[in-house]
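> Numbering (UniProt numbering), first residue to last: 1 to 342.
Once you've had a glance at the structure underneath, I'll fire off some questions.
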Amino acid sequence: MPNIWLILSGSSDRIISSSTILSQHTQLIIIRYSEVEAAALTVVTAILFLMPQHAVSLRRPDHRHNARSAPSAERKVFHNIRIIGIGTQGDCWLVRDVNQGNYLVRKVLDEYRMLGQTPLEVHILNEILPPHHSILRIHYWSFSHRRLELYYDYCTGGSLDQFISTIKPYALSEGFLWHTFLQLAEALEILHYRGSRRVVHRDVKPANILLASPYIPGSGGYPVFKLGDFSLATLDPVTASAGTAIWTGPEPDSTAQNDIWGLGAVIHALAHGVGPVVPLPASAPEYARRRWNTNPYARRPMDLPTKYSNRLNSNMMSCLELDPRARISSRELVRKLRRDKP
(Lines of atoms letter the chains of each structure in order from A and count residues from 1; the text may use other names and numbers.)
(Lines give C-alpha, C1' and ligand atoms only; values in the text may rest on other atoms or scores of the structure.)
Protein backbone atom coordinates (compact mmCIF):
# COMPACT_ATOMS: atom_id res chain seq x y z
CA MET A 1 0.00 0.00 0.00
CA PRO A 2 1.56 3.34 -1.04
CA ASN A 3 2.00 6.02 1.61
CA ILE A 4 1.36 9.71 1.06
CA TRP A 5 3.19 11.91 3.54
CA LEU A 6 1.34 15.04 4.59
CA ILE A 7 3.37 17.41 6.78
CA LEU A 8 1.37 19.96 8.76
CA SER A 9 2.43 22.61 11.26
CA GLY A 10 0.83 24.59 14.03
CA SER A 11 1.11 25.62 17.67
CA SER A 12 -1.58 23.27 18.93
CA ASP A 13 -0.44 20.44 21.25
CA ARG A 14 -3.35 18.30 20.14
CA ILE A 15 -2.28 14.80 19.17
CA ILE A 16 -2.86 14.07 15.49
CA SER A 17 -3.37 10.51 14.37
CA SER A 18 -0.24 9.29 12.59
CA SER A 19 -2.14 7.25 10.07
CA THR A 20 -5.48 7.67 8.32
CA ILE A 21 -6.74 5.24 5.73
CA LEU A 22 -8.16 7.07 2.71
CA SER A 23 -9.10 4.03 0.70
CA GLN A 24 -7.99 0.50 0.01
CA HIS A 25 -5.30 1.91 -2.29
CA THR A 26 -3.76 4.83 -0.39
CA GLN A 27 -2.58 5.53 3.13
CA LEU A 28 -2.21 9.15 4.28
CA ILE A 29 0.35 9.69 7.03
CA ILE A 30 0.09 13.00 8.90
CA ILE A 31 2.89 14.47 11.01
CA ARG A 32 3.58 17.87 12.55
CA TYR A 33 6.76 19.80 11.87
CA SER A 34 7.03 23.48 12.72
CA GLU A 35 9.54 24.51 10.00
CA VAL A 36 7.16 23.89 7.11
CA GLU A 37 4.18 26.03 8.02
CA ALA A 38 4.46 28.10 4.86
CA ALA A 39 4.36 24.97 2.70
CA ALA A 40 1.41 23.29 4.43
CA LEU A 41 -1.30 24.65 2.16
CA THR A 42 0.66 23.67 -0.95
CA VAL A 43 1.05 20.11 0.30
CA VAL A 44 -2.65 19.82 1.16
CA THR A 45 -3.54 21.01 -2.32
CA ALA A 46 -1.22 18.44 -3.86
CA ILE A 47 -2.86 15.68 -1.81
CA LEU A 48 -6.23 16.47 -3.34
CA PHE A 49 -4.82 15.52 -6.74
CA LEU A 50 -3.30 12.33 -5.40
CA MET A 51 -6.58 10.92 -4.14
CA PRO A 52 -7.26 7.66 -5.96
CA GLN A 53 -10.86 8.61 -6.73
CA HIS A 54 -11.70 11.88 -8.46
CA ALA A 55 -15.40 12.72 -8.85
CA VAL A 56 -16.34 15.68 -11.02
CA SER A 57 -19.27 17.19 -12.88
CA LEU A 58 -18.26 17.24 -16.53
CA ARG A 59 -19.44 19.03 -19.62
CA ARG A 60 -19.41 17.12 -22.88
CA PRO A 61 -18.55 19.34 -25.88
CA ASP A 62 -20.82 18.88 -28.85
CA HIS A 63 -20.87 20.40 -32.34
CA ARG A 64 -24.58 21.13 -31.92
CA HIS A 65 -23.78 23.68 -29.22
CA ASN A 66 -22.34 27.10 -29.87
CA ALA A 67 -20.26 29.24 -27.53
CA ARG A 68 -23.37 30.71 -25.92
CA SER A 69 -24.96 27.44 -24.92
CA ALA A 70 -22.96 25.14 -22.65
CA PRO A 71 -23.87 21.43 -22.68
CA SER A 72 -25.51 19.94 -19.62
CA ALA A 73 -23.29 18.62 -16.82
CA GLU A 74 -22.82 14.91 -16.25
CA ARG A 75 -21.39 13.26 -13.14
CA LYS A 76 -18.29 11.11 -13.63
CA VAL A 77 -15.87 9.33 -11.31
CA PHE A 78 -12.29 8.75 -12.43
CA HIS A 79 -9.54 6.66 -10.87
CA ASN A 80 -6.15 8.41 -10.94
CA ILE A 81 -3.53 6.05 -12.38
CA ARG A 82 -0.39 8.18 -12.58
CA ILE A 83 0.91 11.55 -13.66
CA ILE A 84 2.26 11.32 -17.21
CA GLY A 85 3.36 14.87 -17.96
CA ILE A 86 4.33 18.12 -16.25
CA GLY A 87 4.60 21.22 -18.42
CA THR A 88 4.40 24.97 -18.34
CA GLN A 89 0.80 24.85 -19.58
CA GLY A 90 -0.44 22.22 -17.12
CA ASP A 91 -0.07 18.76 -15.66
CA CYS A 92 -1.44 15.62 -17.31
CA TRP A 93 -2.83 12.55 -15.53
CA LEU A 94 -3.73 9.14 -16.87
CA VAL A 95 -7.18 8.33 -15.46
CA ARG A 96 -9.72 5.53 -15.82
CA ASP A 97 -13.45 6.08 -16.10
CA VAL A 98 -14.75 3.97 -13.19
CA ASN A 99 -18.10 3.30 -14.88
CA GLN A 100 -17.04 2.69 -18.48
CA GLY A 101 -13.55 1.31 -17.84
CA ASN A 102 -11.84 3.32 -20.60
CA TYR A 103 -8.68 5.40 -20.14
CA LEU A 104 -8.42 9.14 -20.73
CA VAL A 105 -5.87 11.86 -20.09
CA ARG A 106 -6.85 14.70 -17.77
CA LYS A 107 -4.98 17.98 -18.24
CA VAL A 108 -5.23 20.45 -15.35
CA LEU A 109 -4.68 24.14 -16.15
CA ASP A 110 -4.27 27.00 -13.71
CA GLU A 111 -4.31 29.59 -16.49
CA TYR A 112 -6.66 29.49 -19.46
CA ARG A 113 -8.60 31.78 -21.75
CA MET A 114 -12.36 31.92 -22.17
CA LEU A 115 -14.60 32.68 -25.14
CA GLY A 116 -17.96 33.51 -23.66
CA GLN A 117 -18.82 30.72 -21.22
CA THR A 118 -16.56 28.15 -22.91
CA PRO A 119 -12.78 27.70 -22.52
CA LEU A 120 -11.12 28.85 -25.75
CA GLU A 121 -9.29 25.53 -26.19
CA VAL A 122 -12.59 23.64 -26.00
CA HIS A 123 -14.26 26.08 -28.38
CA ILE A 124 -11.45 25.71 -30.93
CA LEU A 125 -11.22 21.91 -30.84
CA ASN A 126 -14.89 21.02 -30.66
CA GLU A 127 -16.74 23.89 -32.30
CA ILE A 128 -14.47 25.70 -34.77
CA LEU A 129 -12.48 22.79 -36.19
CA PRO A 130 -14.09 19.83 -37.95
CA PRO A 131 -13.18 16.35 -36.66
CA HIS A 132 -9.96 14.94 -38.08
CA HIS A 133 -8.02 11.82 -37.17
CA SER A 134 -4.80 13.83 -36.77
CA ILE A 135 -6.20 16.35 -34.27
CA LEU A 136 -6.72 15.42 -30.62
CA ARG A 137 -10.31 15.83 -29.45
CA ILE A 138 -11.74 16.77 -26.05
CA HIS A 139 -14.31 14.40 -24.55
CA TYR A 140 -15.21 16.37 -21.41
CA TRP A 141 -14.25 19.51 -19.58
CA SER A 142 -14.96 20.97 -16.15
CA PHE A 143 -13.89 23.58 -13.64
CA SER A 144 -12.48 22.40 -10.30
CA HIS A 145 -11.24 24.84 -7.65
CA ARG A 146 -10.80 27.54 -10.33
CA ARG A 147 -8.78 25.14 -12.44
CA LEU A 148 -9.77 23.95 -15.88
CA GLU A 149 -9.78 20.19 -16.42
CA LEU A 150 -9.77 18.79 -19.96
CA TYR A 151 -10.26 15.10 -20.78
CA TYR A 152 -8.63 13.75 -23.96
CA ASP A 153 -8.06 10.43 -25.68
CA TYR A 154 -5.19 8.45 -24.18
CA CYS A 155 -2.56 8.01 -26.90
CA THR A 156 -0.65 4.92 -25.83
CA GLY A 157 2.31 5.58 -28.13
CA GLY A 158 3.43 8.61 -26.16
CA SER A 159 4.75 11.83 -27.69
CA LEU A 160 6.90 12.28 -30.76
CA ASP A 161 9.79 13.74 -28.76
CA GLN A 162 9.88 10.54 -26.69
CA PHE A 163 9.90 8.53 -29.91
CA ILE A 164 12.74 10.62 -31.40
CA SER A 165 14.82 10.04 -28.27
CA THR A 166 14.68 6.27 -28.86
CA ILE A 167 15.89 6.21 -32.47
CA LYS A 168 19.22 6.89 -34.12
CA PRO A 169 19.59 9.82 -36.57
CA TYR A 170 18.97 8.83 -40.20
CA ALA A 171 17.36 5.55 -39.06
CA LEU A 172 13.80 6.22 -40.21
CA SER A 173 12.68 5.23 -43.67
CA GLU A 174 11.71 7.75 -46.30
CA GLY A 175 8.20 6.30 -46.27
CA PHE A 176 7.89 7.05 -42.58
CA LEU A 177 8.90 10.69 -43.13
CA TRP A 178 6.45 11.13 -46.03
CA HIS A 179 3.66 9.61 -43.94
CA THR A 180 4.40 11.83 -40.93
CA PHE A 181 4.84 14.95 -43.06
CA LEU A 182 1.52 14.53 -44.86
CA GLN A 183 -0.50 13.66 -41.75
CA LEU A 184 0.72 16.72 -39.86
CA ALA A 185 0.41 19.00 -42.88
CA GLU A 186 -3.22 17.91 -43.22
CA ALA A 187 -3.76 18.72 -39.55
CA LEU A 188 -2.38 22.24 -40.06
CA GLU A 189 -4.50 22.71 -43.18
CA ILE A 190 -7.56 21.93 -41.03
CA LEU A 191 -6.48 24.62 -38.55
CA HIS A 192 -5.65 27.24 -41.15
CA TYR A 193 -8.35 26.71 -43.79
CA ARG A 194 -11.05 24.15 -42.92
CA GLY A 195 -12.58 25.51 -39.73
CA SER A 196 -15.21 28.21 -39.33
CA ARG A 197 -12.32 30.52 -38.39
CA ARG A 198 -8.55 30.32 -38.88
CA VAL A 199 -6.71 28.84 -35.92
CA VAL A 200 -3.00 29.38 -35.23
CA HIS A 201 -1.56 26.65 -33.01
CA ARG A 202 1.55 28.64 -31.91
CA ASP A 203 3.38 25.65 -30.40
CA VAL A 204 4.00 22.98 -33.04
CA LYS A 205 6.79 20.76 -31.70
CA PRO A 206 7.45 17.04 -31.13
CA ALA A 207 6.24 17.16 -27.52
CA ASN A 208 2.79 18.25 -28.73
CA ILE A 209 2.45 15.49 -31.34
CA LEU A 210 1.17 12.15 -30.05
CA LEU A 211 1.27 8.61 -31.40
CA ALA A 212 -2.14 6.97 -31.11
CA SER A 213 -0.48 3.59 -30.44
CA PRO A 214 3.06 2.30 -29.88
CA TYR A 215 5.22 2.00 -32.98
CA ILE A 216 8.43 0.08 -33.65
CA PRO A 217 10.31 1.18 -36.80
CA GLY A 218 10.33 -1.56 -39.41
CA SER A 219 7.38 -3.39 -37.88
CA GLY A 220 5.14 -2.64 -40.85
CA GLY A 221 2.63 0.14 -41.37
CA TYR A 222 2.90 3.62 -39.89
CA PRO A 223 1.47 5.23 -36.76
CA VAL A 224 -1.43 7.64 -36.53
CA PHE A 225 -0.20 11.02 -35.28
CA LYS A 226 -2.37 13.51 -33.42
CA LEU A 227 -1.62 17.20 -32.98
CA GLY A 228 -2.44 18.18 -29.40
CA ASP A 229 -2.00 20.81 -26.68
CA PHE A 230 -3.99 23.76 -28.00
CA SER A 231 -3.52 25.78 -24.80
CA LEU A 232 -1.61 28.50 -26.72
CA ALA A 233 -3.81 28.36 -29.82
CA THR A 234 -5.45 31.59 -30.92
CA LEU A 235 -8.01 32.96 -33.35
CA ASP A 236 -5.93 36.08 -33.89
CA PRO A 237 -3.97 35.95 -37.18
CA VAL A 238 -0.89 37.66 -35.69
CA THR A 239 0.27 37.54 -32.07
CA ALA A 240 3.54 37.75 -30.20
CA SER A 241 5.64 34.59 -30.43
CA ALA A 242 4.55 32.22 -27.67
CA GLY A 243 5.88 28.76 -28.46
CA THR A 244 9.08 26.98 -27.47
CA ALA A 245 11.96 29.00 -28.91
CA ILE A 246 13.92 26.18 -30.54
CA TRP A 247 10.85 25.09 -32.54
CA THR A 248 9.65 28.53 -33.70
CA GLY A 249 10.76 30.46 -36.76
CA PRO A 250 13.09 33.47 -36.76
CA GLU A 251 10.26 36.00 -36.96
CA PRO A 252 9.06 37.69 -33.73
CA ASP A 253 5.36 36.96 -34.38
CA SER A 254 3.20 33.84 -34.25
CA THR A 255 1.23 33.31 -37.45
CA ALA A 256 0.08 30.37 -39.55
CA GLN A 257 3.49 30.54 -41.24
CA ASN A 258 5.19 30.00 -37.90
CA ASP A 259 3.15 26.80 -37.52
CA ILE A 260 4.61 25.74 -40.88
CA TRP A 261 8.13 26.36 -39.61
CA GLY A 262 7.34 24.15 -36.62
CA LEU A 263 6.27 21.33 -38.95
CA GLY A 264 9.46 21.66 -40.98
CA ALA A 265 11.45 21.59 -37.73
CA VAL A 266 9.71 18.35 -36.72
CA ILE A 267 10.67 16.64 -40.00
CA HIS A 268 14.21 18.01 -39.59
CA ALA A 269 14.36 16.43 -36.11
CA LEU A 270 13.06 13.08 -37.36
CA ALA A 271 15.85 12.94 -39.93
CA HIS A 272 18.74 14.53 -38.02
CA GLY A 273 17.77 13.91 -34.40
CA VAL A 274 17.72 17.68 -33.71
CA GLY A 275 15.73 20.69 -34.85
CA PRO A 276 17.09 23.40 -37.19
CA VAL A 277 18.62 25.50 -34.38
CA VAL A 278 22.38 25.28 -33.90
CA PRO A 279 22.92 24.63 -30.17
CA LEU A 280 25.43 26.43 -28.02
CA PRO A 281 28.00 24.35 -26.13
CA ALA A 282 26.66 22.65 -23.02
CA SER A 283 29.05 24.76 -20.96
CA ALA A 284 27.26 27.98 -21.97
CA PRO A 285 25.19 29.53 -19.17
CA GLU A 286 21.44 29.03 -19.26
CA TYR A 287 20.64 32.71 -19.94
CA ALA A 288 22.98 32.66 -22.96
CA ARG A 289 21.28 29.57 -24.39
CA ARG A 290 17.84 31.16 -23.97
CA ARG A 291 18.94 34.30 -25.82
CA TRP A 292 20.63 32.25 -28.55
CA ASN A 293 17.53 30.11 -29.11
CA THR A 294 15.53 33.23 -29.96
CA ASN A 295 18.23 34.62 -32.29
CA PRO A 296 17.34 34.39 -36.01
CA TYR A 297 20.98 33.60 -36.80
CA ALA A 298 20.71 30.42 -34.70
CA ARG A 299 18.37 28.95 -37.32
CA ARG A 300 20.42 27.00 -39.85
CA PRO A 301 18.35 24.22 -41.41
CA MET A 302 20.38 21.34 -42.85
CA ASP A 303 19.46 19.47 -45.98
CA LEU A 304 18.22 15.95 -45.41
CA PRO A 305 20.83 13.18 -45.50
CA THR A 306 21.50 11.85 -49.00
CA LYS A 307 19.54 8.63 -48.28
CA TYR A 308 16.37 10.72 -48.64
CA SER A 309 15.02 12.01 -51.95
CA ASN A 310 15.40 15.54 -53.29
CA ARG A 311 11.62 15.87 -53.40
CA LEU A 312 11.31 15.17 -49.68
CA ASN A 313 14.15 17.56 -48.91
CA SER A 314 12.62 20.29 -51.11
CA ASN A 315 9.28 20.05 -49.31
CA MET A 316 10.93 20.23 -45.89
CA MET A 317 13.07 23.22 -46.85
CA SER A 318 10.00 25.04 -48.21
CA CYS A 319 8.71 25.01 -44.61
CA LEU A 320 12.01 26.36 -43.28
CA GLU A 321 12.37 29.51 -45.37
CA LEU A 322 13.79 32.19 -43.09
CA ASP A 323 11.45 34.80 -44.58
CA PRO A 324 7.88 33.84 -43.55
CA ARG A 325 6.53 35.53 -46.69
CA ALA A 326 8.45 32.99 -48.79
CA ARG A 327 7.33 30.03 -46.66
CA ILE A 328 4.82 27.63 -48.15
CA SER A 329 1.21 27.62 -46.88
CA SER A 330 -0.33 24.53 -45.33
CA ARG A 331 -2.81 24.28 -48.21
CA GLU A 332 -0.10 24.35 -50.87
CA LEU A 333 2.07 22.02 -48.82
CA VAL A 334 -0.65 19.37 -48.64
CA ARG A 335 -1.17 19.63 -52.39
CA LYS A 336 2.57 19.20 -53.07
CA LEU A 337 3.01 16.33 -50.61
CA ARG A 338 0.13 14.40 -52.12
CA ARG A 339 1.60 14.97 -55.58
CA ASP A 340 5.21 14.11 -54.68
CA LYS A 341 4.69 11.28 -52.17
CA PRO A 342 5.75 7.94 -53.74
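Idealized CB from N, CA, C, for every residue including glycine.
(1) Around the C-beta of Gly175, are 16 or more other C-beta atoms found within 10 angstroms, so that it is buried, or is it exposed?
(2) Could you say if the region 319 to 337 and the region 164 to 175 meet the contact criterion of at least three C-beta pairs nearer than 8 Å?
(3) Do you know offhand how far Leu201's Cα is from Leu232's?
(4) Give the DSSP bridge partners of Leu58, in chain order.
(5) Does the beta-carbon distance from Ala207 to Ser283 come in below 8 Å?
(6) To the nearest angstrom, how far is it from the Cα of Ala70 to the Cα of Glu111?
(7) On the DSSP bridge list, what partners appear for Arg106?
(8) Determine the direct distance from the alpha carbon of Gln89 to that of Pro281, and round the result to whole angstroms.
(9) Does the count of Cβ pairs from the region 183 to 190 and the region 323 to 331 closer than 8 Å reach three?
(10) Can you tell me the Cβ-Cβ gap for Val266 and Leu184, rounded? I've got them flagged as a contact below 8 Å.
(11) Determine the direct distance from the alpha carbon of Arg75 to that of Asn315, and round the result to whole angstroms.
(12) Relative to the C-alpha of Phe181, which residue among Gly262, Val238, Arg194 is closest?
(13) Determine contact between the region 214 to 230 and the region 283 to 300, defined as no fewer than three beta-carbon pairs at a distance below 8 Å.
(14) Excluding the 5 residues preceding and the 5 following Leu94 in the sequence, name in chain order all residues of the same chain whose CB lies nearer than 7 Å to its CB.
(15) Note down the Cα distance separating Pro342 from Leu312, rounded to an integer number of angstroms.
(16) One question on the structure: do His79 and Val108 come within less than 8 Å of each other, judged by their Cβ atoms?
(17) Mind checking whether Leu270 and Gly195 have CB atoms under 8 Å apart?
(18) Among Pro223, Asp253, Ile246, Gly243, which one has its Cα closest to the Cα of Pro237?
(19) Could you check whether the region 210 to 219 touches the region 295 to 306, counting it as contact only if at least three pairs of C-beta atoms, one from each stretch, sit closer than 8 Å?
(20) Can you tell me which of the three DSSP states Arg299 falls into?
(21) Ends of the beta strand (DSSP E) at Tyr140?
(22) Given this structure, state the Cα-to-Cα distance separating Gly87 from Leu150, to the nearest angstrom.
(23) For His139, which residues from the same chain have a beta carbon less than 6 Å from its beta carbon, with the 5 sequence-adjacent residues on both sides left out?
(24) Ignore the nearest five residues each way along the sequence and tell me which others in His133's own chain have a CB closer than 7 Å to its CB.
(25) Can you grab the Cα-Cα spacing for the pair Arg339 / Ser309, in whole Å?
(26) For Lys226, which three-state DSSP category applies?
(27) To the nearest angstrom, how far is the alpha carbon of Phe163 from that of Val277?
(28) What distance in whole Å lies between the Cβ atoms of Thr244 and Lys205, which are believed to be in contact at a cut-off of 8 Å?
(29) Once DSSP output is grouped into helix, strand and coil, what is the label at Ser159?
(30) Can you tell me the Cβ-Cβ gap for Thr156 and Ser213, rounded? I've got them flagged as a contact below 8 Å.
(31) Drop a sphere of 10 angstroms on the beta-carbon of His145, count the other beta-carbons inside from all chains shown, and report buried for 16 or more, exposed for fewer.
Working from what's here:
(1) Flag for Gly175 reads exposed.
(2) Cβ pair count under 8 Å is below three, so no.
(3) Just to set this straight, residue 201 is His in the shown sequence, not Leu. Going by the C-alpha atoms only, they are around 7 Å apart.
(4) Answer by DSSP bridge pairing, in chain order: Glu74.
(5) No, Cβ-Cβ distance for Ala207 and Ser283 is not below 8 Å.
(6) Because the pLDDT of Ala70 is 41, which lies under 50, any placement of that residue in the model is unreliable, and the question is left without a value.
(7) Under DSSP, Arg106 forms a beta bridge with Trp93, Tyr151.
(8) If you take the alpha carbons of Pro281 and Gln89, they lie about 28 Å apart.
(9) Touching, yes.
(10) At roughly 7 Å, the Cβ-Cβ gap stays under 8 Å, so Val266 and Leu184 are in contact.
(11) Going by the C-alpha atoms only, they are around 48 Å apart.
(12) Checked all of Gly262, Val238, Arg194; the closest Cα to Phe181 is Gly262.
(13) Counting Cβ pairs under 8 Å, fewer than three are found: no touch.
(14) Answer for Leu94: Ile81, Arg82, Ile84, Tyr103, Val105, Tyr154, listed in chain order.
(15) Whole-angstrom Cα-Cα distance: 10 Å.
(16) Not closer than 8 Å, so no.
(17) Leu270 places its beta carbon 8 Å or farther from that of Gly195.
(18) Ranked by how close their Cα comes to the Cα of Pro237, the residues Pro223, Asp253, Ile246, Gly243 have Asp253 in first place.
(19) Under the Cβ criterion (8 Å, minimum of three pairs), the region 210 to 219 does not count as touching the region 295 to 306.
(20) Of the three classes helix, strand and coil, the one that applies to Arg299 here is strand, per DSSP.
(21) Per DSSP, Tyr140 belongs to the beta strand (DSSP E) from 138 to 144.
(22) So the alpha carbons of these two residues sit roughly 15 Å apart.
(23) Same-chain partners within the cutoff: Tyr151.
(24) Excluding positions up to five away in sequence, the list reads Val224.
(25) One C-alpha to the other measures close to 14 Å.
(26) Lys226: strand per DSSP, three-state reduction.
(27) A direct Cα-to-Cα measurement between Phe163 and Val277 gives close to 20 Å.
(28) Indeed, because the Cβ distance is near 5 Å, the residues count as touching under 8 Å.
(29) In the structure shown, Ser159 sits in a strand (DSSP, three-state: E or B).
(30) About 5 Å separates the two Cβ atoms, so the contact holds.
(31) Looking at its Cβ environment, which holds fewer than 16 other Cβ atoms inside 10 Å, His145 is exposed.
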